[in-house]
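Student: If you want our numbering, it's the 1-based position in the sequence shown plus 886.
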Amino acid sequence: MPRLYFDANATTPPHPEAVEAVRSAMAEDWANPTSTHREGQRARFRLEEARREIAASLGVEPGELVFCASATEALHLLTRGLQAALGDRPAAVFPGEHSACLNPLRDWSRLAWLPELPPDCATVVQMAANNETGLLYTMPAVPDAVRIKDCCQAWGKVPVDLSDCDAAVFSGHKVGGPRGAALLWMRPGLPWEIVMEGPQERRRRGGTEDLPAILGLAAAVRHLPERGARNAALAPLRDAFEAEITAWNRGFGVIGRDLPRLPNTSCMLFRGRSGEALQVALDLAGFAVSTGSACHSGSVKPSHAITTLGYSLEDARSVLRFSLLPDALPGEVEALAAALKRLT
Ligand code: PLP
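#1: Could you give the DSSP three-state label for Met912: helix, strand or coil?
#2: Are there 16 or more other CB atoms within 10 angstroms of the CB of Thr1024, so buried, or fewer, so exposed?
#3: When DSSP labels each residue in this structure, what does Asp1201 get in the three-state scheme?
#4: Any heavy atom of the ligand PLP inside 8 Å of the beta-carbon of Leu961?
#5: Apart from the five residues on each side of it in sequence, which residues of its chain come closer than 7 Å, Cβ to Cβ, to Phe1056?
#6: Run the CB neighbour count on Met1072, radius 10 Å, all protein chains shown included, and call it buried at 16 or more, exposed below.
#7: Apply the 10 Å Cβ neighbour rule to Glu934 and answer buried if 16 or more other Cβ atoms are within range, or exposed otherwise.
#8: CB of Thr958 to nearest heavy atom of the ligand PLP: below 8 Å?
#9: In chain order, which continuous runs of the alpha helix (DSSP H) of length 4 or greater are located wholly inside the segment 953-982?
#10: Please report the distance separating the alpha-carbon of Ser1053 from that of Asp915.
#11: Could you tell me if Thr1094 is buried or exposed, where buried requires 16 or more neighbouring beta carbons within 10 angstroms of its beta carbon?
#12: Please report how far the alpha carbon of His1182 lies from the alpha carbon of Leu1229, in whole angstroms.
#13: Which residues mark the beginning and the end of the beta strand (DSSP E) in which Gly1020 is found?
#14: Helix, strand or coil for Lys1060, going by three-state DSSP, please let me know.
#15: Under three-state DSSP, which class holds Phe893?
#16: Does DSSP put Val946 in a helix, in a strand, or in coil?
#17: For Glu925, collect the residues of the same chain with a Cβ closer than 7 Å to its Cβ; drop the 5 residues on either side in sequence, then sort them by chain order.
#18: Just verifying my parser: in three-state terms, what is the DSSP assignment at Ile1100?
#19: Below 8 Å CB to CB, which residues in the same chain sit around Ala1115 once its five sequence neighbours on both sides are set aside?
#20: What I want to know is whether the C-beta of Gly1102 ends up closer than 8 Å to one or more non-hydrogen atoms of the ligand PLP.
Written out as structure tokens, the structure reads:
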């Protein structure tokens, strides 16, 4: 039987058109978009064309988008640049955030944990959807604070609303784009200082643009409407899978089952079992799943995204995350359920 991949929240296979866009850009559009000769100007044209197309799909202005290599980089640029501009005022963040949000905030002199909001709060960082549980979050209303939205997991799975935030980040490899292209969106006039000096990206992110990756992302973005529709249609399949496993063993549960969450994600608690051992057994049986955030795999540290919801360390060690690709088939999910029953 071919291997089955249930780890879409970690990364997704690139769309065939994204692969072709990367290949052809490496063969033909390899020039430096900053160069003033004809080759460079052709690359510049392709770059700006991709920016316009992606901006239109997000409903923002092209000049508001900065191409970065990853969402982790975009979050670092954003928060470091805000910190430099805003000085000593506190930042607020949910403790269950992705480490890409938490790490660049660690050296803010004052950091508050949401839902606590300090009176002079300068910035709030909030993920639209959690990578491990799939839970959806709304942006807290904080007057006078810069509101940053991490859209990495929401993009392409649920509608993304940018009206309640001032800046946002998006990761290309979560939506069928290649690694190496991500987006930073900033509302004009944001108090922000340059972190990575260089003439590119209107001086907001130095470094020669990765045109092949950016063109690959633009190709993936062209398919976002159908991707969103396919992801939305996954919820009944995911729910049936959860119902089958929990009915089979009532000790097994679903984290956030009755809360608003991503349609493709199932975060299950196999109380009394080791999530790690189960993940290895499933891997050997042909199923790629995750014990939690992929960034934590390989480390035995239980996931903070689970413990901050009130679960014990022991429970957090018994969690598996299944995240379906948009084209997941009922038979594949049934095979996963059967394997889980065999192995637990
Ligand atoms: N934020 C969230 C919610 C994520 O799930 C991820 C990736 O796992 C990131 C940020 C980091 O994205 P990238 O891999 O582009 O750095």
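Don't be surprised by glycine CBs; every beta carbon is placed ideally from N, CA and C.
Tutor: The structure says:
#1: helix
#2: exposed
#3: helix
#4: yes
#5: For Phe1056, where only same-chain residues beyond five positions count, the Cβ hits under 7 Å are Ala957, Cys1037, Cys1038, Trp1041, Ala1068 and Leu1069.
#6: buried
#7: exposed
#8: yes
#9: 957-972
#10: According to the sequence shown, residue 1053 is Ala rather than Ser. Their backbone Cα atoms lie some 30 Å apart in a straight line.
#11: A residue is called buried when at least 16 other Cβ atoms come within 10 angstroms of its Cβ; Thr1094 does not meet this threshold and is exposed.
#12: Because the pLDDT of His1182 is 49, which lies under 50, any placement of that residue in the model is unreliable, and the number read from its coordinates should be weighed accordingly. Looking at the two C-alpha atoms, the distance is approximately 23 Å.
#13: Neither: Gly1020 is in no beta strand (DSSP E) and is coded neither H nor E.
#14: helix
#15: The amino acid at residue 893 is misidentified as Phe; the sequence shows Asp. Three-state DSSP puts Asp893 in a strand.
#16: DSSP places Val946 in coil when its eight states are reduced to three.
#17: Cβ within range, chain order: Ala917.
#18: Here Ile1100 sits in helix by DSSP.
#19: none
#20: no
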